[in-house]
Each structure stands twice: as structure tokens, then as C-alpha cells.
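Before any comments, here is the structure.
Residue numbers (my numbering): 20 to 160.
Have a look at this one:
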């Protein structure tokens, strides 16, 4: 039995979100580390819209072939989710410094905190999903 038949796409979605937020955290950390580097332009990983689009198109594809709620969805419904990689974009400050550096530390620290909170939330939800399955397995004995 595939994991996605037990939880739908939630496991894949949470796993992909954790992966992408980790990559974004690395970019933000790099921005902070280069706050004094001349002509440095900060970067960010943009992936939310791509992730939502993959999730919506996967649901459309899965539901298209299901005529009964007891039918097992076809394989490949979550493959679009696995293909989401996000894209790296430059996020320069409106007023770069005299040396051409456009890192705003306050902005980067705020982005880092937001990303960390979203990462932690995804990890906690994923842990609860697995905790639920462990409970179900124990009660099923």
C-alpha cells in the first residue's frame, strides 16, 4: 500500500514544504552572511504558488478518473508535487548601500523567522500524522 493512499497527498506536501523551506533558509543565511559583501544582491526561493498549482492540478487529475469514493486513485497523482523545485529570485533592497550591497538585515532576519516558523509547523504536523498512524496500528492489534 502506498503512503499517499493512506494520507492523500498530505505526507508528500509536508515533506516537499520542509525540503523547500530548508533550501530557502540556506539562501536567507547566505544573504545575512554577505551583508558586508560589496555589490551583493540577496536571494530567496519562491515556491508557494508552484506548490499550490501542483497540488491543485494533482487533485484535478486524481478526481478525474474516480467514479466511486472507494476507488483507489491512480499512481502519479502526486508526481507533480515531487517536481516542484521553486525558483531563486533576487530580492534587492530599494536603496542599496554605497558599496552596492542591497541586503537589509532587519528584512532578512524577519524572513528567516517566518521561514523557520513555517518549517517548524510543517515538521510538527508531519510528526502528528505519523503519531496518528502509530496509534491506529497499536489499536488494530
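In this text, a Cβ means the ideal position worked out from N, Cα and C, and glycines have one as well.
| message | Report the CB separation of residue 120 from residue 54 in whole angstroms; it is logged as a contact under 8 angstroms. | response | 7 angstroms
| query | For residue 109, does the three-state DSSP call read helix, strand or coil? | reply | strand
| Between the C-alpha atoms of residue 130 and residue 158, what's the straight-line distance to the nearest angstrom? | 42 angstroms
| query | Touching or not, the region 29-37 and the region 110-125, by the rule of three or more beta carbon pairs under 8 angstroms? | reply | no
| task | Could you tell me which residues DSSP pairs with residue 63 in its beta bridges? | result | 108
| Are there 16 or more other CB atoms within 10 angstroms of the CB of residue 151, so buried, or fewer, so exposed? | exposed
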